[in-house]
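The sequence shown: position 10 = 10 (my numbering), numbered continuously.
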Amino acid sequence: MRLRSFFFSIFSLSRSPSPSLPSSRFSSLSAAMSPALEKSRQGNGECNDDLKSKVTVVGSGNWGSVAAKLIASNALKLPSFHDEVRMWVFEEVLPNGEKLTDIINKTNENVKYLPGIKLGRNVVADPDLENAVKEANMLVFVTPHQFMDGICKRLDGKITGDVEAISLVKGMEVKKEGPCMISSLISKQLGINCCVLMGANIANEIAVEKFSEATVGYRESREIADTWVQLFSTPYFMVTPVHDVEGVELCGTLKNVVAIAAGFVDGLEMGNNTKAAIMRIGLREMKALSKLLFPSVKDSTFFESCGVADVITTCLGGRNRRVAEAYAKSGGKRSFDELEAEMLQGQKLQGVSTAREVYEVLNHCGWVEMFPLFSTVHQICTGRLQPEAIVQYREHKA
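Structure, rendered in structure tokens:
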């Protein structure tokens with residue numbers, strides 16, 4: 001408890017008070033609701049149930065389940081929110097013959113993706129995507145990025161009213177006209193505003209309430225960003241708003257490519273000096289590419305949790321690093337698909353597909369030689385280069 005209090009004090013001192021929030025972030029959890037939410041408050045601090053905001057989490061993997069846990073704990077405290085938090089679950093039948101949604105609703109635990117952790121009794125698993133979102137006006141998207149286009153198409157025309165969204169999805173869609181960030185995909189296809197939340201967030205650590213930080217990136221309303229901050233914040237999970245959606249989201253996306261590179265270094269037992277160099281070069285390429293794609297991206301964003309902190313934690317302990325390490329140890333003889341299936345137990349690897357998408361962007365724009373680390377990671381992943389090339393990339397041209 002003393003350590004947690006120390007971190008809380010340092011965090012509070014290091015941030016300037018928000019003009020729209022009281023000096024203590026948690027002294028009044030409903031003090032900075034957006035206008036759409038604020039009007040539902042009553043004089044006695046309670047809300048009519050019909051006017052309370054309803055939250056649905058779209059996704060139920062490892063990180064999605066942790067997000068539901070965080071939100072569920074706060075929904076019980078925030079007077080402007082319904083207690084119930086819906087969580088859309090891609091239905092699976094477990095080895096014992098039971099459906100995953102049934103087990104979650106019976107045991108209050110996602111036994112496949114977050115075993116041993118209670119989500120909160122107010123979390124309700126729903127295998128029907130349209131039903132899960134139909135009454136929600138706060139949507140939290142947290143699925144592997146390769147599924148988001150299909151999810152948005154299924155929800156096209158189904159989202160009505162004053163709805164806000166936030167994406168915890170790390171990745172991008174590559175289209176003919178160029179890269180499309182997941183927040184933009186959500187906004188364009190569903191016609192709703194979408195913030196993002198990224199950071200140094202290994203889900204299993206947050207699930208057991210170890211101290212962590214995250215960054216909310218917003219484009220329009222600071223008030224709705226503050227509402228998301230309040231919905232996610234706990235004494236062990238500190239969230240800061242930043243007016244830079246693209247910067248925050250690209251940090252969360254590109255760091256997975258750097259983590260793949262770090263995994264190669266670990267698998268080849270190249271040591272900590274080499275790994276530190278790869279992380280530094282990776283962060284430099286993250287910043288350079290982000291600014292080329294979106295000149296509005298702020299330098300300061302890379303010093304938030306979504307930036308350098310996320311690079312560090314992902315390169316030290318994330319799933320992309322672990323699988324890339326195994327790939328390098330096999331000398332590139334075992335495929336990433338095989339290793340993903342064996343090591344992640346149904347979870348999806350993001351770094352390899354993101355490396356491919358980044359390479360497509362670089363190739364399309366004629367920027368391959370400007371980003372040798374990103375280009376080399378992709379070529380190793382596709383078997384064109386051996387893992388050892390991760391420290392020889394200056395000698396290679398795509």
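Cβ coordinates follow ideal geometry from the N, Cα and C atoms, glycine included.
Between which two residues does the alpha helix (DSSP H) harbouring residue i extend?
i	result
glycine 252	245-267
asparagine 363	351-365
glycine 282	272-293
phenylalanine 232	222-232
methionine 148	148-155
How big is the Cα-Cα spacing for residue i and residue j?
i	j	result
valine 216	glycine 116	28 Å
tyrosine 218	glutamine 230	14 Å
glycine 191	phenylalanine 374	33 Å
tryptophan 228	isoleucine 166	8 Å
proline 295	isoleucine 104	44 Å
glutamate 173	glutamate 357	7 Å
glycine 332	leucine 155	39 Å
glutamine 386	glutamate 98	43 Å
glycine 267	lysine 329	5 Å
valine 163	cysteine 315	35 Å
glycine 252	aspartate 310	7 Å
valine 89	glutamate 369	42 Å
serine 24	phenylalanine 81	For serine 24, the predicted model reports a pLDDT of 33, less than 50, meaning its position is unreliable; a value from the coordinates is still stated below. Each residue's alpha carbon lies about 20 Å from the other.
serine 187	valine 208	33 Å
lysine 54	serine 221	19 Å
serine 28	glycine 178	Residue placement at serine 28 is flagged as unreliable, the pLDDT there being 33, under the threshold of 50; a coordinate-derived value is accordingly withheld.
lysine 145	leucine 349	A small correction: the amino acid at residue 145 is histidine; lysine does not occupy that position in the sequence shown. Roughly 10 Å separates the two Cα atoms.
tryptophan 367	glutamine 379	15 Å
lysine 153	leucine 185	10 Å
alanine 259	aspartate 49	45 Å
Given that a residue counts as buried once 16 or more other Cβ atoms are within 10 Å of its Cβ, and exposed if not, what is residue i?
i	result
lysine 275	buried
cysteine 381	buried
glutamine 392	exposed
alanine 341	exposed
glutamine 345	exposed
lysine 287	buried
lysine 255	buried
glutamate 135	exposed
leucine 168	buried
glutamate 269	exposed
threonine 160	exposed
leucine 339	buried
Would you give the residue range spanned by the beta strand (DSSP E) that residue i belongs to?
i	result
alanine 408	In the structure as shown, the chain begins at 1 and stops at 398. Residue 408 is therefore absent and cannot be evaluated.
histidine 82	81-88
serine 53	53-58
aspartate 126	123-126
proline 385	The identity of residue 385 in the sequence shown is leucine, whereas the question assumes proline. Neither: leucine 385 is in no beta strand (DSSP E) and is coded neither H nor E.
asparagine 193	193-198
glycine 217	212-217
phenylalanine 237	237-242
How about residue i and residue j: do their beta carbons lie closer than 9 Å?
i	j	result
leucine 250	serine 300	no
serine 65	leucine 139	no
valine 361	cysteine 306	no
lysine 170	threonine 56	no
asparagine 74	serine 233	yes
isoleucine 182	valine 196	yes
alanine 225	valine 142	no
valine 85	asparagine 122	yes
valine 377	phenylalanine 303	no
lysine 112	leucine 129	no
glycine 351	valine 323	yes
aspartate 244	valine 308	no
glutamate 285	phenylalanine 371	yes
asparagine 108	lysine 118	yes
On the premise that residue j lies in contact with residue i, defined as a C-beta separation below 8 Å, what is that separation, rounded to the nearest angstrom?
i	j	result
alanine 262	arginine 321	5 Å
tyrosine 327	arginine 334	7 Å
lysine 52	glycine 120	Actually they do not touch by this definition, with Cβ atoms about 17 Å apart.
methionine 148	valine 124	Not a contact, Cβ separation roughly 23 Å.
alanine 214	valine 239	5 Å
alanine 203	tryptophan 63	4 Å
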